[in-house]
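Colleague: Sharing a structure with you now.
Set out below in structure tokens:
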């Protein structure tokens, strides 16, 4: 979250979303502990903290264009079942349908607020 809050627009949105229960925060110490438990040579990306967050939060949806991070996220030795899914990018109607379909799956976002 720290690297994202450098963007003022995102920081404001995140603060409101946290108050509304749409964003859940996890203690930095928990993420750091999980990051140190990752196999040292397994990650292809330089985003071990994101993999650690996925493991800690049990979130299994990733929205990123970083190919190496996508590979890490789908690696069952890094992010165990349920398998991580990639949220489709783009503005097409199919991408929008794919995003809605994935976001409705509670096993991919187990900590989401009830709607």
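Residue numbers (our numbering): 7 to 121.
Where a beta carbon is used, it is the ideal one built from N, C-alpha and C, also for glycine.
So who's on the other strand from residue 67, going by DSSP bridges?
Modeller: In the chain shown, the residue the question calls residue 67 occupies position 61. BP columns for residue 67 point to 91.
Colleague: If we ignore side chains and look at the alpha-carbon of each, how far apart do residue 90 and residue 64 end up?
Modeller: Numbered from its first residue, the chain shown carries residue 90 at position 84. Numbered from its first residue, the chain shown carries residue 64 at position 58. In a straight line, the C-alpha of residue 90 is about 10 Å away from that of residue 64.
Colleague: Using DSSP with H/G/I as helix, E/B as strand and the rest coil, what is residue 50?
Modeller: Locating residue 50 in the chain shown gives position 44, counting from the first residue. Correct three-state label for residue 50: coil.
Colleague: Give the DSSP-derived three-state secondary structure of residue 36 in the structure shown.
Modeller: Here residue 36 refers to the residue found at position 30 of the chain shown. Helix, per DSSP.
Colleague: How would you label residue 48, buried or exposed, when you count the other beta carbons within 10 angstroms and need 16 or more for buried?
Modeller: As a working mapping, residue 48 is identified with position 42 in the chain shown. It counts as exposed.
Colleague: Tell me whether residue 27 sits in a helix, a strand or coil according to DSSP, three-state version.
Modeller: For this step, residue 27 is matched to residue 21 along the chain shown. If DSSP states are grouped into helix, strand and coil, residue 27 belongs with coil.
Colleague: Which of the three DSSP states is assigned to residue 121 in this structure?
Modeller: By one-based count along the chain shown, residue 121 stands at place 115. With a pLDDT of only 43 at residue 121, under 50, the local geometry of the prediction cannot be trusted, and the value read off the model is given with reservation. The answer is coil: DSSP assigns residue 121 none of H, G, I, E or B.
Colleague: Which of helix, strand or coil does DSSP assign to residue 78?
Modeller: Residue mapping note: residue 78 aligns to position 72 of the chain shown, counting from 1. Three-state result, residue 78: helix.
Colleague: Find the nearest neighbour of residue 92 within the set 84, 77 and 35, judged by alpha-carbon distance.
Modeller: If you number the chain shown from 1, residue 92 lands on position 86. That would be 77, whose Cα lies nearest to the Cα of residue 92.
Colleague: So residue 57 and residue 82 are supposed to be a Cβ contact under 8 Å. How far apart are they, rounded?
Modeller: Locating residue 57 in the chain shown gives position 51, where the first residue counts as 1. Locating residue 82 in the chain shown gives position 76, where the first residue counts as 1. With a Cβ gap of about 12 Å, residue 57 and residue 82 do not count as contacting.
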